[in-house]
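Numbering-wise (our numbering), the sequence shown opens with residue 52 and increments by one. The beta carbon of each residue, even a glycine, is placed where N, CA and C say it ideally should be. For reference, the structure discussed in these notes is given below.
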Amino acid sequence: MLEKGRISARQFMLLVFMYSLGTSIIVNPSLTAYYASMDAWITCIISSIIGVGIVFLLIRVSSMDEKKNLFELMEFALGKFIGKVVILLFLFFMLFLTATNLRQIGDFMTTQIMVDTPIQFIMLLFALTSLYGIKLGLEVIGRSCEIFFPYAIVSLILLIVLVSPEADFTKIKPILEDRASAAFATVIPTLGIPYFELIVFLAIIPYVNAFKKAKKGFYIGTIVASFMILLITLMCLAVLGAEFTGRQVYPTYILGKKISIANFLERIEILVAIAWFFTIFFKITVNFYVLSLGFSHFFKLKNVSTLSTPLSFILIILGLISYPNIIYYQEMIAYYWVFFAATMGLCLPLVILIVGKIRQKKKE
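Given below as structure tokens:
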């Protein structure tokens with residue numbers, strides 16, 4: 052194995068949780084409200100149920116051989132040549148995904164907080180921080196997640212609690228009155244973020260100390276993150292309204308601006324920023340780590356971090372040239388991303404599982 056370090060099942064669970072919230076807490080409320088209107092919360096429930104099913108599929112794939120990571124499973128199931136081709140396609144997908152995440156945090160910072168700061172600087176800062184984590188290894192990434200998890204979860208809980216007095220749940224009524232089909236149709240794009248992307252954890256799960264506990268942690272991390280996405284979406288609908296939420300790029304951040312306690316404690320949207328900084332950082336880092344691991348496996352390198360430095364600069368450049376503006380990004384997420392993500396996050400594990408099981412039976 053390329054990776055010699057090990058993480059605990061708890062650290063794995065927290066990584067799944069932080070990863071799942073990485074872009075979802077910012078993207079999903081707007082995406083679901085735009086199409087499903089006041090029934091966006093129903094879309095969240097349906098997509099989370101399907102998301103747990105996707106995790107079940109991923110665990111079945113990993114259970115074929117607990118000691119093999121995703122890239123080794125590809126070669127095992129598909130053969131050396133086809134496996135290498137599929138690995139390369141998956142790595143291009145990971146390049147695009149990680150570059151997109153870098154661009155997301157860059158756009159957020161330069162439009163909402165540090166408006167005079169060049170986006171290139173923000174992207175470079177996050178890329179280099181993630182690069183440093185990869186150089187230190189998976190164990191350090193896992194321990195760091197344990198340290199920063201409380202800050203992220205407490206910020207989100209405080210946001211929900213403090214904004215709840217402003218909530219008006221009549222804004223989500225009537226339920227399924229005139230756009231019932233939209234609520235169900237919107238499930239498709241919401242599966243792209245984060246559920247189809249969870250395939251990246253098949254590259255990490257072999258390095259967890261206890262595989263059985265890791266499987267349980269995979270479920271718990273996904274379910275708790277899904278519940279948090281549901282709560283945030285509900286708050287956006289009940290406080291901001293479905294129409295306003297659907298029109299905004301960062302409705303969760305605006306939600307923080309609505310907090311007002313005794314006309315003294317107001318506009319503490321920094322809670323949203325803190326939570327997103329930590330969750331998006333670990334999403335970028337996990338993606339970057341899996342990308343480095345994949346390229347190291349493909350080129351048969353001895354160290355995971357060998358190509359990580361040049362990859363970090365490629366990611367920054369790709370993130371800058373992939374999206375001319377934030378509107379282009381929003382359209383890509385709404386209409387096209389789910390198909391790319393489904394190819395790698397649903398079709399690929401299904402193929403690995405089916406072909407791998409057939410090969411195992413032939414050997415028996």
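Q: Please state if the CB of Thr273 and the CB of Gly102 are separated by a distance shorter than 8 Å.
A: Taking the first residue of the sequence shown as position 1, residue 102 is located at position 51. Taking the first residue of the sequence shown as position 1, residue 273 is located at position 222. Against a cut-off of 8 Å, the Cβ pair of Thr273 and Gly102 comes out as a contact.
Q) When every heavy atom of the ligand MG is checked, does at least one fall within less than 7 Å of the C-beta of Thr296? A) The ligand MG is not part of the structure shown, which contains no ligands of any sort.
**Q.** Within 8 Å, strictly: CB atoms of Ala392 and Leu82
**A.** By one-based count along the sequence shown, residue 392 stands at place 341. By one-based count along the sequence shown, residue 82 stands at place 31. It is not a contact, given that the beta carbons lie outside the stated cut-off.
Q: Assuming Asn338 contacts Asn152 (C-beta within less than 8 Å), just tell me the rounded distance between them.
A: By one-based count along the sequence shown, residue 338 stands at place 287. By one-based count along the sequence shown, residue 152 stands at place 101. Confirmed, about 6 Å.
Q | C-alpha gap between Lys412 and Val112, whole angstroms | A | Looking up residue 412 in the sequence shown gives position 361. Looking up residue 112 in the sequence shown gives position 61. Straight-line Cα distance between these residues: approximately 15 Å.
Q | Among Lys224, Val238, Phe329 and Tyr379, the one whose alpha carbon lies nearest that of Leu288 | A | Translated into the one-based positions of the sequence shown, residue 288 becomes position 237. That would be Lys224, whose Cα lies nearest to the Cα of Leu288.
Q. Does DSSP put Val137 in a helix, a strand or coil?
A. Within the sequence shown, the letter at position 86 stands for residue 137. In this structure, Val137 counts as helix in the three-state DSSP scheme.
Q) Which residues bound the alpha helix (DSSP H) around Ile325? A) Taking the sequence shown and counting its residues from 1, one reaches residue 325 at position 274. Taken as a continuous stretch (DSSP letters only), the alpha helix (DSSP H) holding Ile325 covers Ile321 to Phe349.
Q) Which of helix, strand or coil does DSSP assign to Ile226? A) Here residue 226 corresponds to residue number 175 of the sequence shown, with the count starting at 1. Reduced to three states, the DSSP call for Ile226 is coil.
Q. Ser113 bridges to which residues according to DSSP?
A. Along the sequence shown, one-based indexing puts residue 113 at 62. Answer is none; Ser113 lacks a bridge partner.
Q) Less than 8 Å separating the beta-carbons of Met145 and Phe333? A) As a working note, residue 145 is residue 94 in the sequence shown. As a working note, residue 333 is residue 282 in the sequence shown. No; because the gap between Cβ atoms is not below 8 Å, this pair is not in contact.
**Q.** Cβ distance (whole Å) where Met395 is taken to contact Phe141 below 8 Å
**A.** The residue given as residue 395 occupies position 344 in the sequence shown. The residue given as residue 141 occupies position 90 in the sequence shown. At roughly 6 Å, the Cβ-Cβ gap stays under 8 Å, so Met395 and Phe141 are in contact.
Q. Helix or strand or just coil, what does DSSP make of Val259?
A. For this step, residue 259 is matched to residue 208 along the sequence shown. It is a strand residue.
Q: Quick one: give me the first and last residue of the alpha helix (DSSP H) that Gly458 is part of.
A: The structure shown does not extend to residue 458, since the chain spans only 52 to 415, so no value can be given for it.
Q: Compare the C-alpha of Gly297 against each of Met125, Tyr85, Leu148 and Leu210 and name the closest.
A: Taking the sequence shown and counting its residues from 1, the one referred to as residue 297 is at position 246. Checked all of Met125, Tyr85, Leu148 and Leu210; the closest Cα to Gly297 is Tyr85.
Q) Can at least three beta-carbon pairs, one atom from the stretch 321-336 and one from the stretch 194-210, be found at a separation below 8 Å? A) Judged by Cβ distances under 8 Å, the stretch 321-336 makes contact with the stretch 194-210, as three or more pairs qualify.
Q: Kindly indicate which residue of Pro240, Asn120, Thr74 and Ser343 has the alpha-carbon position closest to the one of Thr303.
A: Within the sequence shown, the letter at position 252 stands for residue 303. Considering only alpha carbons, the answer is Thr74.
Q) Based on the DSSP secondary-structure assignment, which residues constitute the bridge partners of Ile58? A) The residue labelled residue 58 in the question sits at position 7 within the sequence shown. Ile58 pairs with Val259.
Q) If you draw a straight line from the alpha carbon of Thr168 to that of Leu207, how long is it in whole angstroms? A) Taking the sequence shown and counting its residues from 1, one reaches residue 168 at position 117. Taking the sequence shown and counting its residues from 1, one reaches residue 207 at position 156. As the crow flies, the alpha-carbon of Thr168 is around 26 Å from that of Leu207.
Q. Between the C-alpha atoms of Lys264 and Met125, what's the straight-line distance to the nearest angstrom?
A. The residue labelled residue 264 in the question sits at position 213 within the sequence shown. The residue labelled residue 125 in the question sits at position 74 within the sequence shown. Their backbone Cα atoms lie some 24 Å apart in a straight line.
(Q) For Leu129 and Met115, what's the separation of their Cα atoms in angstroms? (A) For this step, residue 129 is matched to residue 78 along the sequence shown. For this step, residue 115 is matched to residue 64 along the sequence shown. Each residue's alpha carbon lies about 14 Å from the other.
Q) For Gln163, which residues from the same chain have a beta carbon less than 7 Å from its beta carbon, with the 5 sequence-adjacent residues on both sides left out? A) Walking along the sequence shown from the start, residue 163 turns up at place 112. Contacts found: Tyr301 and Tyr304.
Q.
Relative to the C-alpha of Pro80, which candidate in Phe252, Pro240 and Phe346 has its C-alpha closest?
A. Here residue 80 refers to the residue found at position 29 when the sequence shown is read from its first residue. Selected option, being the one with the closest Cα: Pro240.
Q: Please report how far the alpha carbon of Ile211 lies from the alpha carbon of Leu285, in whole angstroms.
A: Here residue 211 refers to the residue found at position 160 when the sequence shown is read from its first residue. Here residue 285 refers to the residue found at position 234 when the sequence shown is read from its first residue. Rounded to whole angstroms, Ile211 to Leu285 spans 10 Å at the Cα level.
Q.
Nearest by alpha-carbon distance to Leu65: which of Ala276, Leu306 and Thr360 is it?
A. By 1-based counting over the sequence shown, the position of residue 65 is 14. Nearest C-alpha to Leu65: Ala276.
Q. Looking at the structure shown, is Ile244 part of a helix, part of a strand, or coil, going by DSSP?
A. For the purposes of this step, residue 244 is taken as the residue at position 193 of the sequence shown. If DSSP states are grouped into helix, strand and coil, Ile244 belongs with coil.
Q. Ordered along the chain, which non-local residues of its own chain (more than five positions away) have a Cβ less than 6 Å from that of Ala60?
A. Within the sequence shown, the letter at position 9 stands for residue 60. Hits under 6 Å: Val259, Ala261, Lys264, Ala265 and Gly268.
Q. Exposed or buried, what is Ile100 when buried is set at 16 or more other beta-carbons lying within 10 Å of its beta-carbon?
A. Counted from its first residue, the sequence shown places residue 100 at position 49. The residue is exposed, with fewer than 16 neighbouring Cβ atoms inside 10 Å.
Q: Count the CB pairs spanning the stretch 358-378 and the stretch 240-252 that are closer than 8 Å, and state whether there are at least three.
A: No, they do not touch.
(Q) Looking at the secondary structure, which residues open and close the alpha helix (DSSP H) in which Lys186 lies? (A) Here residue 186 refers to the residue found at position 135 when the sequence shown is read from its first residue. Its alpha helix (DSSP H) spans residues Ile170 to Leu187.
**Q.** Sub-8 Å separation of Ala234 and Ile93 beta-carbons
**A.** The residue labelled residue 234 in the question sits at position 183 within the sequence shown. The residue labelled residue 93 in the question sits at position 42 within the sequence shown. It is a contact, given that the beta carbons lie within the stated cut-off.
(Q) Taking the alpha carbon of Phe278 as the reference point, which residue from Asp90, Ile97 and Ala87 has its own alpha carbon closest? (A) Translated into the one-based positions of the sequence shown, residue 278 becomes position 227. If we check each option's Cα against that of Phe278, Ile97 comes out closest.
Q: Would you kindly report the start and end of the unbroken alpha helix (DSSP H) that includes Gln163?
A: Position 112 of the sequence shown, counted from the start, is the residue given in the question as residue 163. Unbroken run through Gln163: none, as it is neither H nor E.
Q. Which two residues bound the contiguous alpha helix (DSSP H) that contains Ala293?
A. Working through the sequence shown from its first residue, we reach residue 293 at position 242. Looking at the DSSP string, the run of the alpha helix (DSSP H) that includes Ala293 is Ala293 to Arg298.
(Q) Cutting at 7 Å between CB atoms, please list the residues of its own chain near Ile192, excluding the five before and the five after it. (A) The residue labelled residue 192 in the question sits at position 141 within the sequence shown. Here the set comprises Gly184, Thr336 and Tyr340.
Q: Pull up the CB-CB distance for Leu291 and Gly307, whole angstroms please, since I reckon it's below 8 Å.
A: Here residue 291 corresponds to residue number 240 of the sequence shown, with the count starting at 1. Here residue 307 corresponds to residue number 256 of the sequence shown, with the count starting at 1. Between Gly307 and Leu291 the Cβ distance is about 11 Å, and since that is not below 8 Å, they are no contact.
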